[in-house]
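Asker: The numbering used here puts the first sequence at residues 12 to 932. Encoded as structure tokens, here's the structure I'll be asking about.
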Amino acid sequence: MRRLEEAALKEWEHAFESDPGEREKFYLTVAYPYPSGAMHVGHGRTYIVPDVIARFWRMRGRQVLYPMAFHVTGAPVIGISKRIARGDEKAIRLYRDLYRVPEETLKEFVNPLTIVRHFSEEYQRVMTACGLSIDWRRRFTTVDPQYSKFIEWQWKHLGEGGHVNKGAHPVRFCPQCDNPVGDHDLLEGDKAEIVKYVMVMFQWKDSFIPTATLRPETIYGVTNLWVNPSVTYVRALVDGTSWIVSREAANKLALQDHSVTIVEDIPGTSLVDQIVNHPLCGDVPVLPATFVDPDMASGIVMSVPAHAPFDYIALRDVQAGGRYKDIQPVALIKVPHYGEFPAKDAVEKAKIVDQNDPRMDALTQEVYSAEFASGRLLEKYGGETVRQARESVGSLMIDSYHSSVMYEFDNRPVVCRCGGRVYVKILHDQWFLQYSDTAWKAQVAAHLAEMSLVPPEVRAEFERTIDWLKDWACTRKVGLGTRLPWDPDWLIEPLSDSTIYMSYYTIAHHLKHFNPEELTPETFDFLFLGKDSPNLKNRDALEMMRKEFEYWYPYDYRFSAKDLISNHLTFQLFHHAAIFPKKSMPRGMVVFGMGLLEGAKMSSSKGNVFLLEDALREFGADTVRMFLVGSAEPWQDFDWRNDLVYSTRKQIERFWNTIEECSGSGSLSSDVNLWLISRLQLHIQKATEALERFQTRQALQEAFYSIESDMKWYRRRLPEGVVGGSALRELQSVWIRLLAPVIPFTCEGLWKETGGEGLVSYAPWPVADKSKTDPNLELSEDLLFRTMEDIESIRKIIQITPSSITLCTAPAWKKAVFATVASAPDKNTVIREIMKDEQMRRRGKAVQDTVKQCITLIHRLPPALVEQYLMADMDEMAVFQKAREFIERECSVRVEIVDAAESTHAKAAAALPLKPAIVME
RNA sequence: GCGAGUGUGACUGAGAGGCCAAAAGUGACCGACUCAAGAUCGGUUCUCGCAGGAGUUCGCAGGUUCGAAUCCUGCCACUCGCACCA
12 MRRLEEAALK
22 EWEHAFESDP
32 GEREKFYLTV
42 AYPYPSGAMH
52 VGHGRTYIVP
62 DVIARFWRMR
72 GRQVLYPMAF
82 HVTGAPVIGI
92 SKRIARGDEK
102 AIRLYRDLYR
112 VPEETLKEFV
122 NPLTIVRHFS
132 EEYQRVMTAC
142 GLSIDWRRRF
152 TTVDPQYSKF
162 IEWQWKHLGE
172 GGHVNKGAHP
182 VRFCPQCDNP
192 VGDHDLLEGD
202 KAEIVKYVMV
212 MFQWKDSFIP
222 TATLRPETIY
232 GVTNLWVNPS
242 VTYVRALVDG
252 TSWIVSREAA
262 NKLALQDHSV
272 TIVEDIPGTS
282 LVDQIVNHPL
292 CGDVPVLPAT
302 FVDPDMASGI
312 VMSVPAHAPF
322 DYIALRDVQA
332 GGRYKDIQPV
342 ALIKVPHYGE
352 FPAKDAVEKA
362 KIVDQNDPRM
372 DALTQEVYSA
382 EFASGRLLEK
392 YGGETVRQAR
402 ESVGSLMIDS
412 YHSSVMYEFD
422 NRPVVCRCGG
432 RVYVKILHDQ
442 WFLQYSDTAW
452 KAQVAAHLAE
462 MSLVPPEVRA
472 EFERTIDWLK
482 DWACTRKVGL
492 GTRLPWDPDW
502 LIEPLSDSTI
512 YMSYYTIAHH
522 LKHFNPEELT
532 PETFDFLFLG
542 KDSPNLKNRD
552 ALEMMRKEFE
562 YWYPYDYRFS
572 AKDLISNHLT
582 FQLFHHAAIF
592 PKKSMPRGMV
602 VFGMGLLEGA
612 KMSSSKGNVF
622 LLEDALREFG
632 ADTVRMFLVG
642 SAEPWQDFDW
652 RNDLVYSTRK
662 QIERFWNTIE
672 ECSGSGSLSS
682 DVNLWLISRL
692 QLHIQKATEA
702 LERFQTRQAL
712 QEAFYSIESD
722 MKWYRRRLPE
732 GVVGGSALRE
742 LQSVWIRLLA
752 PVIPFTCEGL
762 WKETGGEGLV
772 SYAPWPVADK
782 SKTDPNLELS
792 EDLLFRTMED
802 IESIRKIIQI
812 TPSSITLCTA
822 PAWKKAVFAT
832 VASAPDKNTV
842 IREIMKDEQM
852 RRRGKAVQDT
862 VKQCITLIHR
872 LPPALVEQYL
882 MADMDEMAVF
892 QKAREFIERE
902 CSVRVEIVDA
912 AESTHAKAAA
922 ALPLKPAIVM
932 E
């Protein structure tokens, strides 16, 4: 096996380097890997499935291009190298023990580039060992200077097309790391979302007291504020104005676009019973409440007891203490199914005793939802719906009443992987790709409608993604990557520099030899868009490259796992639409399922992975390939299970042995041989259709298991002492080629051994030959097969050893009945039709029974078989006579064949067409 | 929570109104060849049946139909995505 692999690899070394030619092209790409760790079998499938497709189309005579490169932009390797540098045990164990990086190399991982360099070498080595038919001349990484020039060109167009805008943006931020944090950087709180609050500014003496709210419109119903008397607040100068907030809030505000200087402490108690003012609600008192959390927004809240259950019950609680009796809820919203004070109704209906009741959250949610969905402000407050008022009052406050926005998480705490607390920070000068642009969306949606998507179910998800996509922060401060051409302080973020590189592949091997400085925007404009420009150097070379690009582009299919639908796969459509003309737009996408390992989710961080290289060593490349493409269709999730993989290897060995045995066979022309070849045509056709639809599993079922099961019957049917017949030589050649895309190493070896010409990788794909199919022959073999099954099933039940078997074929009149029934449109009236015939009527009840039996039988047979039977006018008697020797050998008993009409045995009456009566004695 | 998808026999998985007790593979069991095998070959593998048949199954509960694994409704479970991350 190893020798076989080595031999094939040697022959393939340059075999898949592909250049434009006369033939029609087929260009497929896979999302390039981010080489920050070793490949596991899940990665293996991602690249092997496209390889099977590539090999298939290559054999069908297409000029196939399957390129590969490495995506090394972004921040992860920076983090990894830092962790390794600081001696992080977990990281070191992962790389040293799981990925088996040699000690000396690991030491060099303090340089992030070493990591990607190390693993991209490993990727190429392992991919090659898998037999991937990649044109490696085109390999590049995304930090190559030439590629950076390409990205600059891309962004120049995006910028000029008005797709990139600058803005401020709230992000999760860790002050300890001094960096924004993504989901994967979080220890805790990965579900938390950033929520936008409006700070309502109440005047107190010469200061503002901001109260953060999601419902600014309820200002009209404010009866008081709540402060926590046990908390020490601060007075701070915020953007030059004096504010009273919690200490926590002061720190948060400093991250959110405000200059904050803390002036003095203000104990909560000193705020209690103070009177504050807001122009929209007048003077209100400040009341004490222990539920007020200083770490939530500003740390002071406004109270709307008519509409907020919490406020209602807190007010009730303080009033129970005998004070503040004069404060009454102020209603401002009318909601169907609720009275004047919805909060009161809800609290009373739920029989809430005090503010510590755990049901309070749900109750709050209920009232809020009801009011938001169907509430309307009272006429004296404008009569708007709550939905409208929330917006309009919010902006009114910001415009006229000193309010501003404050961001806070909806769930806390949020903790960074470094252990530090995470806050919301407003990032400035952030660049955005304007995916929210409706015109751009429409352009992409229109193109999507014309694309081929596999499997078709993913279309809905793409459509929804396009619809839902918002602006994307596309620049970063840290990581590897290309700088934004017009603002070099920023790096282009990794999901935004990997969207149109499929075009780069088409000429990547030429670009390599260019001085990056020569790769001006004008050069790329010429190469990819055909825009001429007077000052192009090296024109001849560029023109040739332009031709190559035009030959390959657009790509035919892009392959990727389904988790990339909502970002990469959709992004790349946007970018293509923004830059390329219609004729260069992508044609299709194939979306993969995910991988499981022995039933559990594969995950490098949990150590639950099986390295691809180990799999190759243990099972051999062909086994790994066949298992990965054959255990489930590409878009289904697959489960790597060692026992199944092991048996896959046995199947390949069986195939090898069968083919080897074929070669020794002499010539023998007979029905069985013709039958085998006839059946083969069907398998060729079905396997071909399956691969055209990317159904690798289905193709394998046809190309492997179906042929194998034919072989079983074939061997059984051969005369005694004969090992094989003339059909085998033809089958051999076809079979090797059918399996070559899936198990290329084995097939390359067999092809050579059986005298095939050249590489099987380039051998012509078998074509089903209609003239070799013989439906009648297949029908009679089918009849024979069914009859054998019946004989066996009877023998098993009666448990006697028969001394003779008699097959009674159905008499002619039953055939006539069968035919009439089979072609009758209405099976209910068919008896009447048949009974019109004088001859039939005379047979009486026998006809009636036969009709019933035929109806049942016809329902049970495959329609195609029945149809063929009607056309064939088969002589069953002759079929059985011919196979008599075979049946006798199989059953080890004397066999007689008679027409049922001539038999006196009671069983003979049961004979039907395609179902002879069987008499065992 | 929202969006998309999936639920079939011990397992992986075909099947998309009558061909369905439901392909193929795996596992298990029984034979054969063997000193032996994780080898190879043949058979069995929902229940019942001494005549090729009958009965109960395709996440759960209803419904449509002469007839449902397949169509409709509701429920439950699982997978993926929900963004500044490859």
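Note that the Cβ used here is the ideal one computed from N, Cα and C, for glycine as well.
Using DSSP with H/G/I as helix, E/B as strand and the rest coil, what is residue 112?
Answerer: Here residue 112 sits in coil by DSSP.
Asker: For residue 324, collect the residues of the same chain with a Cβ closer than 7 Å to its Cβ; drop the 5 residues on either side in sequence, then sort them by chain order.
Answerer: Excluding sequence neighbours, residue 324 sits near 358, 363, 365 and 366.
Asker: Return the bridge partner residues of residue 293 from the DSSP annotation.
Answerer: BP columns for residue 293 point to 289.
Asker: Give the secondary structure of residue 619 by DSSP, where H, G and I count as helix, E and B as strand, and everything else as coil.
Answerer: Reduced to three states, the DSSP call for residue 619 is strand.
Asker: Is it true that the CB of residue 221 sits closer than 8 Å to the CB of residue 256?
Answerer: Closer than 8 Å, so yes.
Asker: Tell me whether residue 803 is buried or exposed, calling it buried when 16 or more other Cβ atoms sit within 10 Å of its Cβ.
Answerer: Residue 803 is exposed by the Cβ-count criterion.
Asker: Note down, in chain order, each residue of its chain lying with its Cβ closer than 8 Å to the Cβ of residue 814, except the 5 sequence neighbours on either side.
Answerer: These residues qualify, in order along the chain: 904, 905 and 932.
Asker: Between the Cα of residue 131 and the Cα atoms of 736, 466, 48 and 434, which residue gives the shortest distance?
Answerer: Selected option, being the one with the closest Cα: 48.
Asker: Tell me the DSSP bridge mates of residue 599?
Answerer: In DSSP, residue 599 forms a bridge with 463.
Asker: Taking the beta strand (DSSP E) that residue 269 belongs to, which residues open and close that run?
Answerer: Element bounds for residue 269: n/a, residue is neither H nor E.
Asker: Could I get the ranges of all uninterrupted alpha helix (DSSP H) runs contained in the region 546 to 590, with 4 residues as the minimum, in chain order?
Answerer: Taking only runs of at least 4 residues, the alpha helix (DSSP H) segments lying wholly in the region 546 to 590 are 550 to 563 and 581 to 590.
Asker: Check whether the region 516 to 531 and the region 144 to 152 touch, using three or more Cβ-Cβ pairs below 8 Å as the test.
Answerer: Because the criterion of three Cβ pairs below 8 Å is met, the region 516 to 531 and the region 144 to 152 touch.
Asker: Compare the beta carbon distance of residue 517 and residue 570 with 8 Å and say whether it is the shorter of the two.
Answerer: It is not a contact, given that the beta carbons lie outside the stated cut-off.
Asker: Do three or more CB pairs link the region 399 to 410 to the region 221 to 238 at distances below 8 Å?
Answerer: At 8 Å Cβ cutoff, the stretches touch.
Asker: Between the region 442 to 453 and the region 173 to 187, do at least 3 Cβ pairs fall closer than 8 Å?
Answerer: With the cut-off at 8 Å, the region 442 to 453 and the region 173 to 187 touch.
Asker: Given 8 Å as the limit, is there contact between the region 627 to 647 and the region 708 to 717, that is, 3 or more CB pairs closer than that?
Answerer: The region 627 to 647 vs the region 708 to 717: in contact.
Asker: Would you mind reading off the limits of the beta strand (DSSP E) that contains residue 440?
Answerer: Element bounds for residue 440: 434 to 444.
Asker: Following the continuous alpha helix (DSSP H) through residue 744, name the residue where it begins and the one where it ends.
Answerer: 738 to 750 is the extent of the alpha helix (DSSP H) around residue 744.
Asker: State the DSSP-derived secondary structure class of residue 314, mapped to helix, strand or coil.
Answerer: Correct three-state label for residue 314: strand.
Asker: Taking only three categories from DSSP, how would you classify residue 655?
Answerer: Note: residue 655 maps to helix in three-state DSSP.
Asker: Give me the DSSP bridge partner(s) of residue 483.
Answerer: 444, per the DSSP bridge assignment.
Asker: Residue 33: buried (16+ other C-beta within 10 angstroms of its C-beta) or exposed?
Answerer: When all chains shown are included, residue 33 counts as exposed.
Asker: If you reduce the DSSP assignment to three classes, tell me which class residue 158 lands in.
Answerer: Reduced to three states, the DSSP call for residue 158 is helix.
Asker: What does the Cβ neighbour count give for residue 35, buried or exposed, with the cut at 16 atoms within 10 Å?
Answerer: Classification of residue 35: exposed, given that the 10 Å Cβ count is below 16.
Asker: In angstroms with no decimal places, state the Cα-to-Cα distance between residue 466 and residue 601.
Answerer: Going by the C-alpha atoms only, they are around 7 Å apart.
Asker: Output the distance between the C-alpha atoms of residue 654 and residue 460, rounded to the nearest integer angstrom.
Answerer: Each residue's alpha carbon lies about 43 Å from the other.
Asker: Identify every residue that forms a DSSP beta bridge with residue 190.
Answerer: The partner list for residue 190 (beta bridge, DSSP) reads 185.
Asker: Using 8 Å as the threshold, is the C-beta distance between residue 567 and residue 598 below it?
Answerer: It is a contact, given that the beta carbons lie within the stated cut-off.
Asker: Please state whether the Cβ-Cβ distance between residue 286 and residue 238 is less than 8 Å.
Answerer: Taking 8 Å as the Cβ cut-off, residue 286 and residue 238 do not qualify as a contacting pair.
Asker: May I ask which residues mark the beginning and end of the alpha helix (DSSP H) holding residue 692?
Answerer: Run containing residue 692: 682 to 703, per the alpha helix (DSSP H) assignment.
Asker: Within a Cβ cutoff of 8 Å, which residues of the same chain sit near residue 200, ignoring the five residues on either side of it in sequence?
Answerer: Once the five neighbours on either side are set aside, the close Cβ partners of residue 200 are 420, 422, 423, 424, 425, 426 and 433.
Asker: Residues in its own chain within less than 6 Å of residue 2 by CB, not counting five upstream and five downstream?
Answerer: Any answer about residue 2 is impossible in this case: the structure gives the chain only from 12 up to 932.
Asker: Classify residue 784 as helix, strand or coil using the three-state DSSP reduction.
Answerer: Reduced to three states, the DSSP call for residue 784 is coil.
Asker: Considering residue 255, what are the terminal residues of the alpha helix (DSSP H) in which it resides?
Answerer: No alpha helix (DSSP H) contains residue 255, which is instead part of the beta strand (DSSP E) from 252 to 257.
Asker: Which word fits residue 288, buried or exposed, when buried means at least 16 other C-beta atoms lie within 10 angstroms of its C-beta?
Answerer: The residue is exposed, with fewer than 16 neighbouring Cβ atoms inside 10 Å.
Asker: Which parts of the region 365 to 422 are runs of the beta strand (DSSP E), unbroken and 3 residues or longer, counting only runs that do not cross its ends?
Answerer: You should have 415 to 420.
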